[in-house]
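Participant:
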Amino acid sequence: MSVDLSTIKSSLDNNKDSYLDLTHQLNNYNEIYNVNFYLKNMNTLEHERLERASQNIKTKVLKLKQEYMLMDYSCHEYRMRSNIMYVSIIVVAFIFIIVAMFYQDKIAQNVAIIICIVVASLYLLLVIFILLSNSKRRNYAWEQYYWQEMKKKS
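FYI, in UniProt numbering the residues of the sequence shown are 1 to 154.
1. What is the DSSP secondary structure of Gln109, counted as helix, strand or coil?
2. Is it true that the CB of Ala112 sits closer than 9 Å to the CB of Phe102?
3. Where Leu125 and Gln66 are concerned, what is the direct C-alpha to C-alpha distance, given to the nearest angstrom?
4. Do Val127 and Ile95 come within 9 Å of each other at the CB atom, strictly closer than that value?
5. So, helix, strand or coil for Gln104, using DSSP?
6. Quick one: using the 10 Å Cβ neighbour count with 16 as the cut-off for buried, is Ile117 buried or exposed?
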């Protein structure tokens with residue numbers, strides 16, 4: 001049995017070429033995998049960065065809404081107290097007018113007492129309604145509308 005050297009040499013060359021070709025493909029695969037891994041990491045980092053920026057914006061918006069609501073509530077409470085003071089001044093002035101008319105004998109004592117009682121009860125009723133509206137405003141679900149995260153429109 002004779003061994004042909006040219007056949008061995010050609011088979012070695014073919015094996016070498018196929019080996020180099022497979023090695024080249026493997027290197028290409030590793031490079032592609034590394035590039036894909038790098039891109040995946042970059043996408044993840046970019047996504048996290050955008051998520052943090054979005055969260056910061058949401059936090060700032062919510063903080064501004066909270067400040068607005070607190071300022072609006074304090075303005076409303078000041079307006080409520082000033083309205084109570086205005087009505088108090090008007091009621092006291094009206095009662096003084098009734099008392100002055102009573103002392104000048106313009107109206108009878110029974111009529112003056114009835115008018116003062118009606119005015120005082122209307123004043124108390126008005127103050128109760130103003131305080132009730134303010135307590136409803138205080139108990140309004142701020143958390144639902146203003147203090148939770150903004151809901152995305154679908």
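Using N, Cα and C, we set each Cβ at its ideal position, and we do this for glycine too.
Facilitator: Taking the definition as stated:
1. Helix at Gln109.
2. Result yes, Cβ atoms of Phe102 and Ala112 sit closer than 9 Å.
3. If I take the Cα positions, the gap works out to 32 Å.
4. For Ile95 and Val127, no; Cβs fall outside 9 Å.
5. Coil.
6. Classification for Ile117: exposed.
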